[in-house]
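These notes are about the structure you will find just below.
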Amino acid sequence: MPIRLFDSLSRDYRELRPAQPDGVYRFYNCGPTVYAAAHIGNFRTFVVNDLLRRLLELEFGPDNVRHVRNLTDVDDKTIRRAREEGRPLATVTQEWTAKFHADCAALNFLRPHVEPTATGHIPEQIDMIAALERRGHAYRTEDGSVYFKVASFPGYGALSRVKERELRTGSALSGKPQTHDADEKEDGSDFALWKGYKADDGDTFWPSPWGRGRPGWHIECSAMSKKHLGDTIDLHTGGVDLLFPHHENEIAQSQCCNGTTFAHHWYHSEHLLVDGKKMSKSLGNLYTLDQLREMGHSPAALRYALLAGHPRKQLNFTLDSLHAADKALAQLRAFRAALTSSGTTDPFAPALAALQDDLNTPHALGLLFTTLHAGPFGVSSAAFDRLLFALGLDLTEPVKTATPTPPEVTVLGEQRWAAKTAKNWAEADRLRGALAALGWSMLDRKDGYSLEPAKK
Ligand SMILES: [Zn+2]
């Protein structure tokens with residue numbers, strides 16, 4: 028059965044198939060901005076992405092899926108954070124990247140095949156902006172910035188229907204400059220491709236044909252998906268909060284630069300509510316994984332709780348839902364332990380089919396537990412493991428580590444993993460030694476690693 032998924036652009040359910048003749052499915056997610064710990068609302072989106080990645084691997088084979096997720100490591104927020112802390116931007120973003128990776132590993136996410144950074148792709152972004160300028164889709168302003176001219180792209184607004192929405196109220200896209208804008212764009216809906224240097228940027232700037240400055244946020248996804256996946260990708264996903272303007276702007280930049288369809292399929296997961304309310308700093312409900320751990324909850328329980336709601340519906344998260352998740356995981360563990368290698372029946376096909384049908388996770392979990400109640404007799408352990416792989420539920424008992432990982436340990440772990448991936452064994456060994464000196468050990472797995480206090 029093929030995977031069928033709602034497409035935010037066509038507003039229809041469509042089957043997922045690789046468009047290119049090489050049979051490789053090209054999958055791009057917008058990643059985090061690395062200036063603080065990700066919260067459970069961010070993780071909801073990443074759990075949904077990971078579920079998709081796993082279903083794609085089951086459907087097309089692990090070698091026929093190419094998954095790219097970017098890291099936004101330069102923007103207003105990262106620069107402000109580095110300035111406030113009086114530290115170099117790269118030091119701050121590296122630490123938060125390492126923290127993000129540690130959280131992702133704890134939540135059992137498969138690593139993307141490529142995780143490009145905005146600062147690592149400055150020339151690619153400049154090339155794209157220059158091409159847009161040559162083709163009449165961009166213009167410079169006095170302050171050394173470059174803006175995308177929204178009026179030059181008739182397809183603008185197809186994803187978000189922003190034209191219908193805004194023209195009715197006579198604002199953003201009416202063609203009149205909005206006088207309250209501090210910048211010099213020609214039209215209120217135009218957006219920055221390149222931001223001319225300002226004193227607040229400190230030593231964060233790059234040379235460009237337009238003078239020193241830094242890329243705008245939207246262009247990084249267009250440039251990095253082009254470099255690592257080509258002009259056209261099969262599936263682009265993100266949280267619904269990115270649909271407008273970010274994804275609308277990505278389409279405009281990519282299609283005006285490349286002259287072809289940017290993404291065949293768009294998928295957006297919905298917001299997470301906490302105790303029935305929107306998440307916000309002032310309500311103090313932006314839980315991070317570490318905060319939940321300190322309350323005694325496991326990452327596996329969080330993953331389960333985030334899977335319990337349909338990804339395209341708002342999900343109300345409560346701490347109680349983590350207790351329910353723990354119970355469910357205990358039932359799954361007991362069932363798995365009762366399975367023998369001689370079982371041959373696969374009662375889980377309907378649950379897998381529910382996942383493949385627009386990621387209907389609540390239905391899939393319902394079907395899974397109906398099967399559990401029928402008992403383990405004769406059930407194939409391989410079939411059970413396949414469904415658990417799709418859900419990404421790791422049934423090993425949670426290890427309760429009371430010791431939070433210090434940032435310097437997280438960074439060393441990150442550097443050692445990079446060295447190992449680059450087959451730089453001498454450096455990897457040196458960094459393992461540095462970790463040991465701090466009293467930590469690093470456990471390698473096929474797809475990632477974990478850091479644990481060394482046993483005394
Ligand atoms: Zn993006």
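The sequence shown begins at 28 in this note's numbering and counts up one residue at a time.
Every residue, glycine too, gets a C-beta built ideally from N, C-alpha and C.
Note that the structure is a prediction, hence the values are computed from the model and not measured.
Grouping DSSP H, G and I as helix and E and B as strand, with all else coil, what is Pro-204? A caution first: Pro-204 carries a pLDDT of 42, below 50, which makes its placement in the model unreliable, though a value can still be read off. In this structure, Pro-204 counts as coil in the three-state DSSP scheme.
inquiry  = Please list the terminal residues of the continuous beta strand (DSSP E) segment that includes Tyr-476.
reply    = 476-480
Query raised in the report: Alpha carbon to alpha carbon, how far is Ala-464 from Arg-108?
Result: 30 Å
Check your understanding: Comparing the CB of Gly-265 with every heavy atom of ligand 1, is any distance shorter than 7 Å?
Key -> yes
Next on the checklist: Taking DSSP's pairing of strands, which residues face Asn-343 in a bridge?
Outcome noted: Leu-300
Check whether Leu-36 and Leu-186 have beta carbons under 8 Å apart
yes
Q. Can you tell me the Cα-Cα spacing of Glu-247 and Gln-152, whole angstroms?
A. Counting only the Cα atoms, Gln-152 lies some 6 Å from Glu-247.
key: Assigned exposure category for Pro-29 - 16 Cβ within 10 Å defines buried   = By the neighbour-count rule (16 or more Cβ atoms within 10 Å), Pro-29 is not buried but exposed.
Starting from the C-beta of Glu-169, find all residues in its chain whose C-beta is less than 8 Å away, skip the five residues before and the five after it, and write them out in chain order.
When the five nearest sequence neighbours on each side are left out, the beta carbons in the same chain lying within less than 8 Å of the beta carbon of Glu-169 are those of Glu-211, in order along the chain.
| What does Pro-242 pair with, by DSSP beta-bridge criteria? | Trp-221
Between Leu-392 and Leu-414, is the Cβ-Cβ spacing less than 8 Å?
no
Check your understanding: Taking the C-alpha atoms as reference points, what is the distance between Ser-471 and Arg-320?
Key -> According to the sequence as given, residue 471 is Asp; it is not Ser. Rounded to whole angstroms, Asp-471 to Arg-320 spans 22 Å at the Cα level.
Closer than 5 Å to ligand 1: residues, by C-beta to nearest heavy atom, in chain order | Cys-57, Cys-248
What does Thr-60 pair with, by DSSP beta-bridge criteria? Thr-99
What is the rounded straight-line gap between the Cα of His-140 and the Cα of Pro-403? 36 Å
Quickly, what does DSSP pair Gly-265 with across the bridge? List them, please. His-295, per the DSSP bridge assignment.
Skipping 5 residues on each side, what residues in its chain have a beta carbon closer than 6 Å to that of Phe-289?
Ile-278, Ser-281, Gln-282
Query raised in the report: Glu-112: buried (16+ other C-beta within 10 angstroms of its C-beta) or exposed?
Result: exposed
Original post:
Helix or strand or just coil, what does DSSP make of Thr-315?
Top reply: Thr-315: strand per DSSP, three-state reduction.
Are Val-173 and Ala-165 close, meaning C-beta to C-beta below 8 Å? yes
(request) Let me know the alpha helix (DSSP H) ranges lying completely inside the segment 322-396, each 4 residues or longer, listed in chain order. (result) 326-334, 346-365, 376-383
*Where does Leu-420 fall in DSSP's three states?*
coil
Practice prompt. Report the residue ranges of all alpha helix (DSSP H) runs contained in full by the segment 98-146; include only those spanning at least 4 residues, in chain order.
Written response: 103-112, 116-133
- Beta-carbon contacts of Gly-197 that lie in its chain and below 7 Å, excluding the five residues immediately before and after: Residue placement at Gly-197 cannot be trusted, given a pLDDT of 44 that sits under 50; what the coordinates show is reported in the next sentence. Contacts found: none.
- Task: Can you tell me which of the three DSSP states Ala-65 falls into?
- Result: coil
* **Gly-58 and Arg-96 closer than 8 Å at C-beta** => yes
Rounded to the nearest angstrom, what separates Asp-34 and Ala-378 at their Cα positions?
22 Å
Using the Cβ count rule (16 or more neighbours within 10 Å means buried), how would you classify Asp-90? exposed
Quiz prompt | Beta-carbon proximity check, Ile-106 vs Asp-228, cutoff 8 Å | solution = yes
Pick helix, strand or coil for Trp-233, following the three-state DSSP scheme. If DSSP states are grouped into helix, strand and coil, Trp-233 belongs with the strands.
Grab me the residues of Pro-204's own chain with a C-beta within less than 8 Å of its C-beta, minus the 5 sequence neighbours each way, in chain order. At Pro-204 the pLDDT is 42, less than 50, meaning the model places this residue with poor confidence; the figure from the coordinates comes in the next sentence. Excluding sequence positions up to five before and after Pro-204, its CB lies within less than 8 Å of the CB of Lys-212, Glu-213, Asp-214, Gly-215, all in the same chain and listed in chain order.
Problem set entry | Under the three-state DSSP convention, the category Ala-46 falls into | coil
**Asked** Mapping DSSP to helix, strand and coil, what is Leu-439?
**Response** Note: Leu-439 maps to helix in three-state DSSP.
For the beta strand (DSSP E) containing Ser-281, name the first residue and the last one.
Looking at the DSSP string, Ser-281 is not in any beta strand (DSSP E); the run it does join, the alpha helix (DSSP H), is 275-285.
Would you check if the segment 109-128 and the segment 60-74 touch, i.e. whether three or more CB-CB distances between them fall below 8 Å?
-> The segment 60-74 makes contact with the segment 109-128: 3 or more CB pairs, one atom from each, lie closer than 8 Å.
**Q.** Meets three-Cβ-pair contact criterion under 8 Å: the segment 299-309 and the segment 244-263
**A.** With a cut-off of 8 Å, the segment 244-263 and the segment 299-309 do not count as touching, because too few Cβ pairs lie within range.
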